Amino acid sequence: MADHGTNHGTHHRTHGQINRLSGGQIDRNKPLSFTFDGKTFQGYHGDTLASALLANGVRLMGRSFKYHRPRGPLTAGSEEPNAIVALRSGAYQEPNTRATTAELFDGLEATSQNRWPSLAFDAMAINDRFSNFLTAGFYYKTFMWPAAFWEKIYEPIIRKAAGLGALTGSADPDVYDKGFRHCDLLVVGAGPSGLMAARTAAEAGFEVIIADEDFRFGGRLNSEHEFIGDQAGADWAASQVAHLGTFSNVRVMSRTTVIGTFDHGIYGAVERVTDHLRTSAEGQPRQILWRIYAKHTVLCAGATERPIAFNNNDRPGVMLAGAMRSYANRWGVSAARDAVIFTSNDDGHRTAADLHRQGVAIAAVVDTRADAPSAHEYAVIAGTTVTDTRGRLGLNAVQVTDATGHSRWLKAGSLGVSGGWNPNVHLTSHQGARPVWNDALNAFVPSPSLPPHMSVAGAAAGMLSTHGALHSGVDAACKALEIDPRTLPALPKADDRPVTQSAFWCVQGSERAWLDQQNDVTVKDVKLSHQEGFRAVEHLKRYTTLGMATDQGKTSNMGGLAVMAELTGQPIADVGTTMFRPPYTPTAIGVLAGRSRGKDFHPVRLTPSHYWAKERGAVFVEVGNWLRAQWFPIEGETHWRQSVDREVLATRSSVGVCDCTTLGKIDVQGTDAAVFLNKVYCNGFAKLAVGRTRYGLMLREDGIAMDDGTAARLAEDHFVVTTTTANAGKVYQHMEFVRQCLCPDLDVQLISTTESWAQYAIAGPNARALLQKVVDAEFDISNDAFPFMACGAITVCGGLRARLFRISFSGELAFELAVPARYGDAMMRRLMDEGEEFNVTPYGTEALGVMRIEKGHAAGNELNGTTTAQNLGLGRMVSKAKDSIGSKLSERVGLNTEDGLRLVGLRPLNPKDKITAGGHVMSAEGPVNAAHDQGYVTSAAYSPTLGNMIGLAFIKSGSERIGDRMRLVSPLTKTSVEVEVVSPHFVDPEGERQRA
Amino acid sequence: MIINHPLLGPRDSAEFTYLGDASLLNRPDPDTATPKDWHDYAYLRDNPAGLHRELWFHEGGDRSWLVVTRNTVTHEITKVELARDVARGLASDVAGMGTKRSGG
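Chains as they are written, first to last, in the UniProt record's numbering: chain G, 1 to 996; chain F, 1 to 104.
Structure follows, in structure tokens:
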């Protein structure tokens, strides 16, 4: 084909842009170079990938999902089903991107998808020949049997044959972010109605956000040849945007798609910050997910043109007539040098006029209506339909059939189809409202029950004329914000032709006529769905996959349900429509994640001794969000057990130090503090003396154990409560619930001080000797002055305020020393220095766990949400002298049966045998099955103190079975071990050490 | 959703955690309640399609418990109260005095 650029009197070089026309909102002084499937092309600044490819005579841009049919763009916007490509390369490659919205930049790399070996010759196009086997419900029918074939044979083949783009398999190197914005009025869409709504609100002084998915504001004004006042529509839009830019109370957000309506005026919006740039600056986010809090919203989302179904209506070159107009007017591009227009309404004629003005030859306007308007410049064939097309990789002829059945072929490289326009109601139904059918428009319009504080204006509300759009935009802003419209200047004159739309969905006799081009759903498939009983619109959707592709059926849903309505003999209003749900357009998972990736997805909390522990080479473990030292390997140790055994033995023989900062700490103050603790703990606290600490067990109201810890009474009206690490937040919340909701009149206040204090357990026979070196001399910590379970405020290291608790989890002589968190690192280093003479040993969570199992202390494994105080052997702790949370329901018969589970210890008869946590305990003789289950092991460890493995277990009537021989079985690991039931207190059962 | 906190004004629901039916405020009187009362309190909850009084905890804020009256169908929130105030009102109702007891 010849270069037509000069034919139109333009004097620029067109670089092979054979279908570039004159005019348009592109900058011909900024040529851009890009590649498609490796071939280099030229376009202009302001082009999309689709407009630039069309300009270069490229109509074939992709292959369809199922039949691998050649496809070109159907639309010029975000509703595009066909022109889906991969952009960029390497780890930056993004599949399934619409060429119709991809903004062209210099160096853009695009690749076609779902074809092999090439776009022009696709071996999988053989699927098209077998289309009779690939109809609706194909998966359900073909792969019913045998089931095993599905996973191994069918699915891999189908996955390879069908589908869209492929993932790179590399991590996404781009940065994403999230942000929050607030406004009085959110305007969604910047066409004529949106611009007027924003302007009206802005001039009245309101905070306004106006967002549009396009990079150029103006909506359809950029695509039309029309005037507002004496300005071209696109120029008027540009002047309005410039005007809005002068207001400090207006935020103009282009390239921003409002993707969802959420509760209470919250909207999700994705801003594409750098997608139109070749590279982004270091750290600049590619996209931002905005959460917009809007007091009022005006939806000005416009309308989407709907196609008409006829045989082979999916060839490259067949487009929506309005899209053709966009390409011609906005980008100065046509898909070919000649065109046929097929329309059921006046809008198609508009395309014919615009294309003709631009020099595209109009072979004919084929109008379904017998009373079609005539034209001087080209032929209008009234009362006629398009019945077929030709052209293997692109359209070259159109078959036209009149009412008498007489057919003929017209040669044309492009075909514009117009079946009318559907208001973009999506955001009105995200909250559950279904759109309603409008007989006058023959389209669904927004439900009258809109989300609170939302109104709809312009084409989205069914106002399809520019005049109507301008006025409804002003009206919506005035109503929402209570602006007096009489104070406003008169609106400029705009196109006010009446818009009529007919209900013409599908040409008679169509079979392989595409409704959903992206998912390859044809009229024939809908007929089959009807024949097989899948007639309700939701069934139709799922059986045929109509509207389930990445375009969510923006151009196809209406046609599909109209065909079904005809088959069932129902009006469309009764058939109804499927539900629209967020997001409005495909959204990258990356932007939903924002910065919550990698370590930021799950932030970790570091203990005050973390950096010191790291220097010591500690191995860390995640406990909730905390990173805790698990053990501290030393030179020569190659296995974790060596380190853990050493830490346990060193602690039990001299002294060890462990960071226990992560335990929850709750400060309880007030004159009713003791009364309050009496309520939340099942055991009594009212009589606890100042300077003493007590173990406490909390129950849930249903009588099950919730958490345990200690409460230290620092003053008459001041307690410090500890919780387990895992339950710190939950227990705090529970205590606040009791305080505010159940005991609202108590004088008590709570505050979480977990992060405020660094706390270290100092355990072992030399614990006091070590502590005496740091505790200031005026504080006597001898056994007489500071006995087991004592507590108090002290100072250390020459005046540093601290708290000391004589409590023991390990069973040794032990203290817990708390200092303000900022001194935590220094305190640990000091303890290590001072402890050198005792060979002080830091120990981690493993050694901590081993020692508590040796001592028989319950922990999370035992307080597992199913166990009671009775089960734990702590039944007598539940005070009957007072009411506490859970005390009443803990008395239930079912929780107090004679054969109830009791916490016991287990010891293997053969010291070499293993105790397995999770293993179940059976009687020594008899069957091994669930019916004969006697209990289960909750915790197990190797005890270096005893030289064999030990376990804690809940066993039926356990306390009466001490000394019994039983079997520990674990069918999962195929083990069966003979064990003896023993006291859970393996080490120092009398508690002499902790009292020393 | 946005919860209009009685002390702090409108706050995003992401700052809160949800507990459920506000009937949890009506803890039985331990001196007089029957086992059935305790059972009903611990286990029975209404699950209405419509107005529901429910407990929310302002965990990411001032840690107050709120009683939020919310339509479970539309998510419309018609009332937000401090649970503590509601609980005090309940106590006075039980006492049959019709006036709120003073705190402390």
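We put the CB at the ideal spot given by N, CA and C, even for glycine. Remember, predicted model here, so these are calculated numbers, not experimental data.
Between which two residues does the beta strand (DSSP E) containing residue i stretch?
i: A303 of chain G; result: 303-305
i: A476 of chain G; result: Per DSSP, A476 of chain G belongs to no beta strand (DSSP E); it is in the alpha helix (DSSP H), 466-481.
i: L699 of chain G; result: 693-699
i: V680 of chain G; result: No beta strand (DSSP E) holds V680 of chain G; the alpha helix (DSSP H) holding it covers 673-680.
i: E271 of chain G; result: 266-272
i: W612 of chain G; result: That residue, W612 of chain G, is in no beta strand (DSSP E); its alpha helix (DSSP H) goes 610-615.
i: N4 of chain F; result: 2-5
Give me the chain G residues within the contact set of residue i, using Cβ-Cβ distance strictly less than 7 angstroms, ordered along the chain.
i: H5 of chain F; result: Neighbours of H5 of chain F on chain G: none; closest Cβ ~13 angstroms, over 7 angstroms.
Can you list the residues of chain F that residue i reaches, using a CB-CB cut of under 8 angstroms?
i: Q740 of chain G; result: S64, W65, L82, A83, R84, A87
i: H264 of chain G; result: M1, I2, H75, I77
i: Q870 of chain G; result: Neighbours of Q870 of chain G on chain F: none; closest Cβ ~17 angstroms, over 8 angstroms.
i: P603 of chain G; result: Under the 8 angstroms cutoff, chain F gives no residues; its nearest Cβ is about 14 angstroms from P603 of chain G.
Does any CB atom of chain G fall closer than 9 angstroms to the CB of residue i?
i: S13 of chain F; result: yes
i: V94 of chain F; result: Note on V94 of chain F: pLDDT 46, under 50, position unreliable in the model; the coordinate value appears next. So, not an interface residue.
Can you confirm whether residue i, when its beta carbon is compared against all beta carbons of chain F, has any partner nearer than 9 angstroms?
i: D667 of chain G; result: no
i: D883 of chain G; result: yes
i: P479 of chain G; result: What sits at residue 479 of chain G in the sequence shown is Lys, not Pro. So, not an interface residue.
i: R892 of chain G; result: yes
i: D745 of chain G; result: yes
i: Q431 of chain G; result: yes
i: Q733 of chain G; result: yes
i: P452 of chain G; result: yes
i: Y293 of chain G; result: yes
i: D729 of chain G; result: The question names Asp, but residue 729 of chain G is Gly in the sequence shown. Yes, its Cβ sits closer than 9 angstroms to a Cβ of chain F.
By the criterion of Cβ-Cβ separation under 9 angstroms, what are the contact partners of residue i in chain F?
i: F737 of chain G; result: L19, L24, L55, F57, W65, A83
i: Q749 of chain G; result: Here the premise fails: no neighbours, minimum Cβ distance about 11 angstroms.
Would you mind telling me which residues of chain F sit closer than 7 angstroms to residue i, beta carbon to beta carbon, in chain order?
i: K888 of chain G; result: P30, W38
i: D37 of chain G; result: Ordered by position in chain F, no residue passes the 7 angstroms Cβ test against D37 of chain G, which lies about 45 angstroms from the chain.
Could you give the first and the last residue of the continuous alpha helix (DSSP H) run that contains residue i?
i: D12 of chain F; result: Segment 9-12 is the beta strand (DSSP E) holding D12 of chain F; no alpha helix (DSSP H) there.
i: A503 of chain G; result: Run containing A503 of chain G: none; DSSP gives neither H nor E here.
i: T651 of chain G; result: 640-653
i: Y41 of chain F; result: 35-43
i: S23 of chain F; result: No alpha helix (DSSP H) holds S23 of chain F; DSSP gives it neither H nor E.
i: G873 of chain G; result: Segment: none, G873 of chain G is in no alpha helix (DSSP H) and carries neither H nor E.
i: A562 of chain G; result: 557-568
Residues of the region 41-61 of chain F whose Cβ lies closer than 8 angstroms to any Cβ of chain G, in chain order: Y41, A42, Y43, L55, F57, E59
Within the region 42-112 of chain G, ranges of the alpha helix (DSSP H) (whole runs, at least 4 residues): 49-55
In chain order, each beta strand (DSSP E) run of at least 3 residues that lies wholly inside the region 791-818 of chain G: 791-796, 800-805
Completely contained beta strand (DSSP E) runs for the region 283-321 of chain G, where each covers 3 or more residues: 287-299, 303-305, 318-320
Contacting positions in the region 683-712 of chain G - beta carbon closer than 9 angstroms to chain A: The chain labelled as chain A is not found among the protein chains of the depicted structure, namely G and F.
Every unbroken beta strand (DSSP E) within the region 200-260 of chain G, with a cutoff of 3 residues, ordered by chain: 208-211, 250-253
Uninterrupted alpha helix (DSSP H) stretches inside the region 815-853 of chain G (no shorter than 4 residues): As far as the region 815-853 of chain G is concerned, its whole alpha helix (DSSP H) runs of at least 4 residues are 824-834.
Secondary structure, alpha helix (DSSP H): runs of 4+ residues fully inside the region 698-751 of chain G: 728-737
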